[in-house]
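In the numbering used here, the protein residues as written are 17 to 241. Report on one structure; see the data block that follows.
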């Protein structure tokens, strides 16, 4: 197994003294490259905290975090900004689409911001895989929740990052759309060899991922199927 994410002795505590709350304690784990891995745990257990640390958005108190063979824990703010731009994609529960941009413009937005040339062939592949044909000129307000999330997935995948972090991407969707979004993510992992780490509260969906990590009592461990 080749790992895209490697974590060793990772810890994170909020507050200090009597109010201190440790959410991650000396966690060590890896995430396989080119697979969809689900991250599950009770509300408030540290799932989003872990995603933010791995994504370079939040510093850990200690530990080593290696993404695509590159350690990130000692990077400067400027280096972390470059890391996020070059190595990561994010999918959020609330879609976070730009309301004044069409679906196509939203998908191109991140790579345009980085000054990357547009790749129409790759765009067409994503649009076909994610069932976005015919929605290119629609604005977010004109799309259903499921359609908006598919656009958000395409936006994260389009720059072809090493890892996509998906924070409860099905949380605001009904059961049918949640299932559809999950299987589209799984298809993208399989078809494009994309590494995806997805936070979800839905254990039923999580069990259908390629791998499952559980956070419990500050520890991260593989789910035994």
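Glycine included, each C-beta is placed from N, C-alpha and C at the ideal position. Keep in mind it's a predicted model, so treat the numbers as computed, not measured.
Classification of residue i by the beta-carbon crowding that lies within 10 angstroms, buried from 16 upward
i: residue 183; result: buried
i: residue 214; result: buried
i: residue 58; result: exposed
i: residue 177; result: buried
i: residue 186; result: buried
i: residue 211; result: buried
i: residue 35; result: exposed
i: residue 150; result: exposed
i: residue 115; result: exposed
i: residue 43; result: buried
i: residue 130; result: exposed
i: residue 222; result: buried
Span separating the alpha-carbon of residue i from that of residue j
i: residue 216; j: residue 191; result: 13 Å
i: residue 93; j: residue 74; result: 11 Å
i: residue 110; j: residue 143; result: 20 Å
i: residue 83; j: residue 172; result: 17 Å
i: residue 80; j: residue 52; result: 22 Å
i: residue 202; j: residue 50; result: 10 Å
i: residue 87; j: residue 162; result: 35 Å
i: residue 105; j: residue 54; result: 16 Å
i: residue 22; j: residue 119; result: 34 Å
i: residue 218; j: residue 29; result: 26 Å
i: residue 139; j: residue 33; result: 51 Å
i: residue 48; j: residue 96; result: 22 Å
i: residue 204; j: residue 170; result: 10 Å
i: residue 72; j: residue 160; result: 31 Å
i: residue 107; j: residue 145; result: 17 Å
i: residue 231; j: residue 155; result: 37 Å
i: residue 197; j: residue 188; result: 11 Å
i: residue 236; j: residue 208; result: 27 Å
Paired residues, beta bridge with residue i - DSSP
i: residue 45; result: 23
i: residue 37; result: 30
i: residue 227; result: 53
i: residue 232; result: 235
i: residue 142; result: Answer by DSSP bridge pairing: none, since residue 142 is not bridged.
i: residue 215; result: 55, 183
i: residue 86; result: 83
i: residue 105; result: 180
CB contact below 9 Å: residue i versus chain B
i: residue 177; result: Of the chains in the structure shown, none is chain B; there is only one protein chain.
Worksheet item: Between the segment 39–48 and the segment 61–68, are three or more C-beta pairs nearer than 8 Å?
Response: yes
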